[in-house]
Structures are given as C-alpha cells and as structure tokens.
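Down below is the structure, laid out as structure tokens.
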Amino acid sequence: LAKTTQPPSMEAYEGQEVNVSCSHTNIATSEYIYWYRQVPHQGPQFIIQGYKDYVVNEVASLFISADRKLSTLSLPWVSLRDAAVYYCIVTPRAGGYKVVFGSGTRLLVSP
Amino acid sequence: ETAVFQTPNYHVTQVGNEVSFNCKQTLGHDTMYWYKQDSKKLLKIMFSYNNKQLIVNETVPRRFSPQSSDKAHLNLRIKSVEPEDSAVYLCASSPGTGGAYEQYFGPGTRLTVL
Chain A
213 LAKTTQPPSM
223 EAYEGQEVNV
233 SCSHTNIATS
243 EYIYWYRQVP
253 HQGPQFIIQG
263 YKDYVVNEVA
273 SLFISADRKL
283 STLSLPWVSL
293 RDAAVYYCIV
303 TPRAGGYKVV
313 FGSGTRLLVS
323 P
Chain B
127 ETAVFQTPNY
137 HVTQVGNEVS
147 FNCKQTLGHD
157 TMYWYKQDSK
167 KLLKIMFSYN
177 NKQLIVNETV
187 PRRFSPQSSD
197 KAHLNLRIKS
207 VEPEDSAVYL
217 CASSPGTGGA
227 YEQYFGPGTR
237 LTVL
C-alpha cells in the first residue's frame, strides 16, 4: 500500500479557501485516493475519493496530478466547524481491506 | 437513523479485567472494522469482518478477539486488559464485499486501564 505524506498542520481564517496537499509518490495503478476528516470525540468522516483528474462534491474538491503522485483537497470558505484532522489515504478499491491512516494534517481555523 | 453506533462511550477498568465493546451498524453494509486510536491519534486497523468471516487480522495481541452475530454487529472483547490497551476504539463499516470503499465510523469507545 502506498504511503502518504501530509503537512502536519495548517492554519486558516474563516471564509478562506484551504488546500491540503498529500504526496503519494509510490501509488499503484490499482489504488484510489480517499480523504477523511476527524473532529474531536468523533470517528473519521469520509469526505471525497478519486482516481485521477478532478473530483468535486458538495463538501470539497479533489485535484489529482497527472502522474497521480500528488493530490490536493480543497475546502472552499472554511468555517470553525472545518477545524479537524484531515487524512489522505491511498488504497485499492477492489480486493483490499487494509486501510492505513497516517498522522494527517491538523487544520486550525480562526475567526 | 442509519449510522454506526458504539457502546459504551467510556470505560475505566483495572489491569487484568475483561472488557467488551459493542458496535452496530444500520447502514446495511457488508464489512465492519475495528480500529485502535492511540494517544498520538494514530489510527491502526485491528480487524475487519465480511459476511461473518474474519478477513484481515493485523498482528494484535491474542487477548483481543472480535465477535460477530450477524453482519450488522461486530463486538470487540479484550480478555485481560493491559495499560497499553488504553486508547479509543473505533468501529466502522463499509458497503461492498470486495474493496476499500468509503468507511463510516462510529464515535468510538474510550478505554482507560488503571
């Protein structure tokens, strides 16, 4: 399973757009990219997943580089509720049950 | 309400005791998981169950054992707890039978071993 590298922390003000990067230099062709976030006293929550190019949903957008070695989670107009630890995970979509969470990126949001 | 439910929220016990944590999902998923989140907030998968069959068993101590009565329930039993077992135990489920689809997590059970 490909290992991921994320910045340990980021800071933003409410209303800003935040981009959280994730490096996965040895990602395999069978692996997909998943993003989760975890707020205190709750379990991780799925945000978005993608394989290549650009994916968008009602919560966030995900840009994946052409070589798939870098992905960026974009959160538009962050609020205090978006303060959380954001995890980037790469794992096979089929045939794999082992999901490895790294240390994530802690996003601090100030008013 | 469809979600992943865990009980208890907290549990404090002494070294050597047996504990059991419950997990139920009402999402109709086929696969369930147990994770351990330590004091450094690192999440490590312990077990996953698919159709009542253990399909991933990481190198966890033998005192840990998952127990499932049906695909909606996956409990975790710790036979004789040790101080290093203090952590948050998270249960999760996912749709599909053959892959790492998105997982839905419960709120966790915080175990403190004195």
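Residue numbers (my numbering), protein chains in the order written: chain A, 213 to 323; chain B, 127 to 240. The beta carbon of each residue, even a glycine, is placed where N, CA and C say it ideally should be.
About 11 Å separates the beta carbon of I245(A) from that of S277(A), a gap too long to meet the 8 Å contact definition. By the criterion of a C-beta distance shorter than 6 Å, I181(B) is surrounded in its chain by S174, once the five residues flanking it on both sides are discounted. Interface with chain A (8 Å Cβ-Cβ cutoff): K167(B) is included. Burial is judged here by how many other beta carbons sit within 10 angstroms of a residue's own beta carbon; W160(B) has at least 16 and is buried. Taking C-beta separations shorter than 6 Å and ignoring five residues to either side along the sequence, the partners of T217(A) in its chain run S235, following chain order. Comparing alpha-carbon positions, the option among V232(A), Q228(A), E226(A) and G227(A) lying closest to P219(A) turns out to be V232(A).
S315(A) reaches chain B at K166, K167 and L168, counting residues in chain order whose Cβ is nearer than 9 Å. In this structure, F275(A) is the residue among R293(A), F275(A) and D279(A) with its C-alpha nearest to the C-alpha of L285(A). The DSSP-derived three-state label of E210(B) is helix. DSSP, reduced to helix, strand and coil, places R293(A) within a helical segment of the structure shown. Rounded to the nearest whole angstrom, the CA to CA distance from S219(B) to G227(A) is 33 Å.
For Q257(A), the uninterrupted beta strand (DSSP E) run begins and ends at Q257 to G262, by DSSP.
In the three-state reduction of the DSSP assignment, L240(B) falls in the coil class, being assigned neither a helical nor a strand state. Counting only runs that start and end inside the segment 129-210 of chain B, the beta strand (DSSP E) elements of at least 3 residues fall at 130-133, 136-139, 145-151, 157-163, 169-176, 179-183, 190-196 and 199-204.
The DSSP-derived three-state label of F313(A) is coil.
For the pair Y263(A) and E243(A), the Cα-to-Cα distance works out to about 8 Å.
Of all residues in the segment 214-236 of chain A, none has a C-beta nearer than 8 Å to a C-beta of chain B.
For the pair V290(A) and I301(A), the CB atoms are not nearer than the 8 Å cut-off.
When C-alpha distances from Y298(A) are compared across I259(A), I239(A), P304(A) and G316(A), the shortest belongs to G316(A). Pairwise C-beta distances place the segment 187-196 of chain B out of contact with the segment 229-238 of chain B, as fewer than three of them are shorter than 8 Å.
Under the three-state reduction of DSSP output, Q250(A) falls in the strand class.
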